[in-house]
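Notes follow once the structure below has been shown.
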Amino acid sequence: MGPEPETIVAHDDEFPAGAVVPPIFQTSLFTFPSYEELEATFAGETRRPIYSRGDNPTVQVFEAKLAALEVAEAARAFASGMAAISAAVLSNLRTGERMVCVRHCYPDAFRLFRTILPRFGIDVEFVDGRDADAVQRVLPGAQVLYLESPTSMVFETQDLARLAAAARAEGAISIADNSWASPIFQRPLQRGVDLVVHSASKYLGGHSDVVAGVVAGRRDLIERINQAEFPLLGCKLSPFEGWLLVRGLRTLPLRMRRHHESGLLIAERLAGHPRIRRVHHPLRDPVGSSGGALEGASGLFSFELDGDKDAVRRFCNALELFKLGVSWGGHESLAFPAAAGLVQAGAHNPLAFFGVAPETIRLHIGLEDPEDLWSDLTRALEA
Ligand SMILES: *Cc1c(COP(=O)(O)O)cnc(C)c1O
58 MGPEPETIVA HDDEFPAGAV VPPIFQTSLF TFPSYEELEA TFAGETRRPI
108 YSRGDNPTVQ VFEAKLAALE VAEAARAFAS GMAAISAAVL SNLRTGERMV
158 CVRHCYPDAF RLFRTILPRF GIDVEFVDGR DADAVQRVLP GAQVLYLESP
208 TSMVFETQDL ARLAAAARAE GAISIADNSW ASPIFQRPLQ RGVDLVVHSA
258 SKYLGGHSDV VAGVVAGRRD LIERINQAEF PLLGCKLSPF EGWLLVRGLR
308 TLPLRMRRHH ESGLLIAERL AGHPRIRRVH HPLRDPVGSS GGALEGASGL
358 FSFELDGDKD AVRRFCNALE LFKLGVSWGG HESLAFPAAA GLVQAGAHNP
408 LAFFGVAPET IRLHIGLEDP EDLWSDLTRA LEA
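Residue numbers for the sequence shown follow this note's numbering, beginning at 58 and rising by one.
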């Protein structure tokens with residue numbers, strides 16, 4: 058066993074001049090002292106930064122920390138979670154191949170799978186990830202199994218160990234989006250999943266000031282991405298955002314514990330409130346089972362209001378501490394009504410496709426005082 062997360066995020070190898078924080082290597086290129094060193098680098102005999110569309114030392118500090126947290130052999134950072142998802146998926150699929158994906162996956166991942174993958178003749182089948190037998194039935198012939206546990210908007214969990222083993226038995230690569238739990242509460246690679254993807258814009262950054270992504274997992278799979286999708290599609294992370302992510306990770310274990318406590322407290326109270334029909338929280342889900350993979354909960358869950366769209370509108374407009382918005386994982390509490398997502402134009406609306414109830418409201422419980430948040434919610438529910 059390696060060090061615990063609290064130690065990983067606080068500890069660094071030496072930086073120049075004994076600095077405890079990494080320098081921001083704000084440089085596009087790195088020069089070579091000699092022809093010999095240039096040639097050895099291009100021949101792949103030595104690895105050192107060449108150009109910041111490839112390796113950048115500040116970003117590498119983030120990649121190494123994230124790899125340690127996920128107990129991964131390697132990690133590669135990207136300019137967004139979607140870039141990380143695109144690279145993970147594209148690097149494991151060829152023309153005419155097939156992917157199985159859990160329903161209620163992240164909306165833009167859904168759009169990628171429905172709009173871009175079909176251009177390459179890649180067929181994606183969506184399945185209820187809570188039902189491991191159903192997943193196993195559609196797996197034969199698929200090259201990739203795409204998981205997200207818990208899922209977006211309704212937070213359905215999957216038994217990652219069982220599904221990863223089923224994928225392996227069929228010769229398919231398993232990929233899991235771990236943005237919700239973060240490596241503090243779930244480490245899919247230790248359950249046999251091949252690749253983990255993150256939107257680092259959420260909990261990893263933690264301060265709502267970065268858009269970034271990361272893929273972690275087996276060295277051969279990351280190396281394949283390093284040779285093609287990463288440099289050639291060009292969605293690299295900036296050194297400053299890499300630096301902000303290292304800073305954000307310092308408090309990840311502390312923040313996640315707080316999100317867990319406040320989120321569960323408010324989810325329990327909402328479940329007992331007369332204006333609430335149902336709470337979708339992965340630790341309260343009677344059907345889904347993470348198979349013990351989830352060691353805690355983040356601050357993101359949803360509930361169904363007992364009322365119509367007008368009640369949803371009145372509730373949202375009455376909130377004061379909770380701001381209305383997408384994204385999550387920062388210090389601040391947020392509410393996002395599914396009804397607004399349902400009216401979004403486009404042929405591929407995931408909320409409509411997966412049948413999310415229009416009374417569903419997603420909450421992100423931030424780091425504020427939970428009693429202040431509860432007062433805001435109860436007052437808005439009375440509206
Ligand atoms: C936000 C999000 C993404 C996409 O990440 P970006 O950084 O916005 O590109 C992927 N998966 C989940 C679960 C997300 O919430």
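All residues carry an ideal CB built from backbone N, CA and C; glycine is no exception.
Rounded C-alpha distance that separates residue i from residue j
| i | j | result |
| --- | --- | --- |
| Pro62 | Ser384 | 24 Å |
| Ser143 | Ala440 | 42 Å |
| His317 | Ala285 | 38 Å |
| Val250 | Arg436 | 43 Å |
| Leu95 | Ala140 | 30 Å |
| Pro240 | Thr64 | 14 Å |
| Ala460 | Gly320 | No statement about residue 460 is possible, as the shown extent of the chain runs from 58 to 440 and does not include it. |
| Leu27 | Pro427 | Absent from the model: residue 27. The displayed extent of the chain is 58 to 440, so no value can be given. |
| Ile107 | Phe87 | 5 Å |
| Arg248 | Leu217 | 6 Å |
| Lys122 | Gly364 | 45 Å |
| His125 | Ile279 | Residue 125 is actually Ala in this sequence, not His. Going from the Cα of Ala125 to the Cα of Ile279 covers about 15 Å. |
| Glu130 | Pro310 | 21 Å |
| Val66 | Arg105 | 24 Å |
| Leu434 | His405 | 32 Å |
| Thr103 | Ala97 | 6 Å |
| Pro24 | Ser148 | Outside the displayed span of the chain (58 to 440) sits residue 24, for which this structure offers no information. |
| Glu71 | Ala229 | 40 Å |
| Val413 | Thr152 | 31 Å |
| Arg110 | Arg276 | 20 Å |
| Leu376 | Asp190 | 42 Å |
| Trp431 | His337 | 17 Å |
Buried/exposed call for residue i, threshold 16 Cβ in 10 Å
| i | result |
| --- | --- |
| Gly178 | exposed |
| Gln401 | exposed |
| Phe99 | exposed |
| Thr417 | buried |
| Asn374 | exposed |
| Thr115 | buried |
| Phe135 | buried |
| Gly138 | buried |
| Glu205 | buried |
| Pro90 | exposed |
| Leu289 | exposed |
| Ile282 | buried |
| Glu298 | buried |
| Pro175 | exposed |
| Glu127 | buried |
| Arg74 | Position check: residue 74 holds Ala in this sequence, whereas Arg was assumed. So Ala74 ends up on the exposed side. |
Same chain only: Cβ atoms within 7 Å of residue i, ignoring 5 sequence neighbours per side
| i | result |
| --- | --- |
| His161 | Thr208, Ser209, Met210, Val211, Glu213, Phe411 |
| Leu396 | The identity of residue 396 in the sequence shown is Ala, whereas the question assumes Leu. Closer than 7 Å at the Cβ level, and outside the excluded window around Ala396, lie Lys366, Val369, Pro415. |
| Glu154 | Ile179, Gln200 |
| Ser256 | Gly138, Ser236, Gly270 |
| Gly35 | There is simply no residue 35 to check, as the chain begins at 58 and stops at 440 in what is shown. |
| Leu438 | His330, Arg332, Phe372 |
| Asp112 | Pro106 |
| Ser85 | Tyr108, Ser109 |
| Gly198 | Arg155 |
Top-ranked residue by Cα proximity to residue i, from the options
| i | options | result |
| --- | --- | --- |
| Leu380 | Glu280, Ser359, Ala392 | Note that residue 380 is Lys in the sequence shown here, rather than Leu. Comparing Cα-Cα distances from Lys380 to each of Glu280, Ser359, Ala392, the minimum goes to Ala392. |
| Phe119 | Lys293, Arg187, Arg370, Ala189 | Lys293 |
| Arg315 | Leu424, Phe87, Arg187, Ala145 | Leu424 |
| Ser359 | Gly386, Arg419, Val303, Ser390 | Arg419 |
| Gly356 | Phe183, Gly398, Ala328, Ala238 | Ala238 |
| Asp10 | Ser347, Gly386, Phe183, Ala74 | Examination of residue 10 is not possible in this model, given that the chain is present from 58 through 440 alone. |
| Lys259 | Trp431, Ser347, Leu301 | Leu301 |
| Arg187 | Phe167, Tyr163, Leu220, Gln200 | Leu220 |
| Gln200 | Ala145, Pro60, Pro106, Ala129 | Ala145 |
| His264 | Ala404, Ala218, Thr308 | Thr308 |
| Ala226 | Arg244, Arg276, Leu202 | Leu202 |
| Thr274 | Ala328, Ser231, Val184 | The sequence shown places Gly at residue 274, rather than the Thr named in the question. Checking every option, the nearest Cα to that of Gly274 belongs to Ser231. |
| Gly349 | Gly305, Pro245, Ser295, Leu306 | Pro245 |
| Met156 | Asp190, Leu196, Thr172 | Leu196 |
| Val272 | Ala76, Gly398, Asp429, Arg133 | Arg133 |
| Leu351 | Val336, Glu325, Met313 | Met313 |
| Val261 | Val303, Arg194, Val78, Pro60 | In the sequence on display, residue 261 carries Leu and not Val. Looking at the Cα atoms, Val303 is the closest of the given residues. |
| Gly305 | Ala324, Thr172, Val268 | Val268 |
Same chain, Cβ closer than 6 Å to residue i, five either side skipped, listed in chain order
| i | result |
| --- | --- |
| Asp50 | Nothing can be reported for residue 50, as the shown portion of the chain is limited to 58 through 440. |
| Arg334 | Glu361, Asp363 |
| Arg341 | none |
| Leu322 | Pro427 |
| Gly398 | Leu408 |
Close beta carbons around residue i, own chain, < 8 Å, minus the five adjacent residues each side
| i | result |
| --- | --- |
| Arg168 | Gly403, His405, Pro407 |
| Ser347 | Ser206, Pro207, Thr214, Gln215, Asp216, Leu217, Gln243, Pro339 |
| Val159 | Phe183, Val184, Asp185, Gly186, Val192, Tyr203, Leu204, Glu205, Ser206, Thr208, Glu213, Gln215 |
| Leu1 | What the structure shows of the chain is the stretch from 58 to 440, and residue 1 is not part of that stretch, so it cannot be assessed. |
| Gly101 | none |
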